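Peer 1:
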Amino acid sequence: MNNDAGYPFPPGDEIHAMSLAAYGERRWPAAMHGLETLTMSPYQAGWRLRVVPSIGHVPVRKVTRRVVNRALHCWIADECGLSTVKNSLAVLVRVLEQAVRDGVLDANPARVAGWQQEYQRAQSERTTPRALALPDVQTLERLAASLVQRSSDGHEGWGDVVRFAAWTGTRFSEVSALQAQDVDVSTWTWHVQRFTVSEPDGLGDRACRGRHQRVVPLRPAARELAAARLESARHLPHARLFTGPDGSRFTAAVLRDTTRWDDVVAELGHEYLRRQDLRHTGLTWMADAGLPLPLLCGASGRPLEDARRYLPPDRHPLPAQNHGEPPASPAPARTPGGGRTLFLQRPQR
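Here it is in structure tokens:
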């Protein structure tokens with residue numbers, strides 16, 4: 096091990112148990128040794144405002160390329176500026192380079208390539224999101240059926256997850272975390288409050304923050320998918336409406352690997368379609384169906400000007416476009432009282 100720049104490092108057992116945030120604080124002087132004063136300020140901001148909140152809880156020895164990529168995608172999705180993302184990644188590279196010198200990591204997982212192309216793609220999405228939408232419901236059905244057919248477990252639920260995400264304009268991680276209590280059947284709206292993430296000890300749910308916590312209208316096709324599940328969960332407010340084959344949480348990565356997403360979309364001629372791009376389908380279809388712009392803005396969790404880009408080219412919603420959507424199902428039975436579904440407590444025996 097290397098006592099870099101004269102800054103001592105903690106004993107081996109202690110350092111291996113540290114979180115990334117704790118390790119960075121402990122080894123900051125060594126990691127930043129030789130850095131110019133003018134560069135220190137943006138690096139400190141990147142560490143404090145982006146690295147620590149997103150992956151600071153991860154044990155430093157468990158920081159992998161996948162963990163870093165997830166953090167990068169979050170920063171890009173949060174519309175951080177290009178220089179902000181660069182500085183945040185650069186300070187992470189320095190801290191993890193120190194971890195390599197200390198013998199905690201064999202290689203630096205933060206030395207990633209291609210993220211700037213991802214950033215430019217995100218910029219393009221924000222200007223022309225309609226171009227990423229599927230053209231009609233038949234295309235969506237072919238995609239969902241093909242993913243189930245190619246999946247390693249044959250789980251029919253994967254198709255319903257894809258359909259529901261497309262019709263609601265949401266992310267797979269949000270569909271995974273959807274609980275019965277989140278749906279208001281008096282207005283057929285979904286209060287998006289949490290999402291599923293991969294953690295060191297498995298999958299877990301986290302609360303949505305800021306604009307990601309929003310209200311999404313459930314169109315007839317989405318109601319059709321949710322109605323029977325809501326009826327089954329009348330006594331279980333925390334029941335998940337959509338799960339993996341074992342009844343548990345899932346992530347976009349799990350769905351991608353299990354269904355061979357990349358191969359399927361390429362075979363169907365949708366090479367551009369990433370897992371999270373189905374949100375553009377849902378929001379475009381909502382706009383075409385005439386959803387008022389303020390509600391579209393709320394459903395997307397985007398600023399008004401961004402939501403406006405989902406409108407048809409003439410900047411006005413098209414009349415009665417449903418893209419082949421099936422009729423709505425009646426609301427599941429529920430007790431009087433209005434508002435969200437009221438869940439009954441099972442009688443004690």
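Here the working numbering is used: position 330 in the sequence shown is 425, and no number is missing along the way. Even for Gly, the Cβ is constructed at its ideal location relative to N, Cα and C. Nothing here was measured: the structure is a model prediction, and the numbers come from that model.
#1: So what does DSSP say about R216, is it helix, strand or coil?
#2: Label S268 either buried or exposed according to how many other C-beta atoms from any shown protein chain fall within 10 Å of its C-beta, with 16 as the threshold for buried.
#3: For A423, name the three-state secondary structure that DSSP assigns.
#4: Taking the alpha carbon of R374 as the point to measure from, which residue in R301, L235, S327 has its own alpha carbon closest?
#5: So within the region 322-376, which uninterrupted alpha helix (DSSP H) runs reach at least 4 residues, ignoring any that extend past its ends?
#6: For P387, which of helix, strand or coil comes out of DSSP?
#7: Does Q288 get closer than 9 Å to chain D when you measure Cβ to Cβ?
#8: Taking contact to mean 3 or more Cβ pairs, one atom from each stretch, closer than 8 Å, check whether the region 302-320 and the region 344-352 are in contact.
#9: Report yes if the CB atom of A272 is closer than 9 Å to the CB atom of T291, and no otherwise.
#10: In whole angstroms, give me the CA-to-CA distance for A112 and R160.
#11: Between which two residues does the beta strand (DSSP E) holding S293 run?
#12: Grab the span of the alpha helix (DSSP H) containing V256 for me, first residue to last.
#13: Relative to the alpha-carbon of E120, which residue among V147, G129, T132, T134 has its alpha-carbon at the smallest distance?
#14: Once you ignore the five residues that flank L378 on each side, which residues in its own chain have a CB closer than 6 Å to its CB?
#15: Starting from G119, trace the alpha helix (DSSP H) in both directions and tell me its first and last residue.
#16: Helix, strand or coil for L413, going by three-state DSSP, please let me know.
#17: Please determine, among A228, R301, D248, W285, the residue with the shortest C-alpha to C-alpha distance to V311.
#18: With H, G and I counted as helix, E and B as strand and the rest as coil, what does DSSP make of E109?
#19: Any idea if L313 is buried or exposed, counting beta-carbon neighbours within 10 angstroms, 16 or more meaning buried?
#20: Please report the straight-line C-alpha distance between V257 and V186, rounded to a whole angstrom.
#21: Using DSSP bridges, identify the partner residues of A279.
#22: At what residue ranges does the region 128-166 contain a whole run of the beta strand (DSSP E), taking only runs of 3 or more?
#23: Figure out for me which residue from T338, D358, D409, D296 has the closest Cα to the Cα of V153.
#24: With 16 other CB atoms within 10 Å as the buried threshold, where does P414 fall?
#25: Does the Cβ of Y367 have 16 or more other Cβ atoms within 10 Å, making it buried, or fewer, making it exposed?
#26: Is the region 203-216 touching the region 329-345 in the sense that three or more CB pairs, one from each, lie closer than 8 Å?
Peer 2: Quick look at the numbers:
#1: helix
#2: buried
#3: Confidence is the limiting factor: at A423 the pLDDT is only 48, short of 50, which leaves the residue's position unreliable, though a coordinate-based value still follows. The answer is coil: DSSP assigns A423 none of H, G, I, E or B.
#4: L235
#5: 347-354, 356-362
#6: coil
#7: Here there is only one protein chain, and chain D is not present.
#8: no
#9: yes
#10: 19 Å
#11: 289-294
#12: 252-263
#13: V147
#14: G264, S395, Y405
#15: 115-126
#16: The pLDDT assigned to L413 is 48, lower than 50, so where the model puts this residue is not dependable; a value taken from the coordinates is nonetheless given after this. The answer is coil: DSSP assigns L413 none of H, G, I, E or B.
#17: W285
#18: helix
#19: buried
#20: 37 Å
#21: Position check: residue 279 holds Asp in this sequence, whereas Ala was assumed. Answer is T284, bridged to D279.
#22: none
#23: D296
#24: Confidence is the limiting factor: at P414 the pLDDT is only 49, short of 50, which leaves the residue's position unreliable, though a coordinate-based value still follows. The residue is exposed, with fewer than 16 neighbouring Cβ atoms inside 10 Å.
#25: exposed
#26: no
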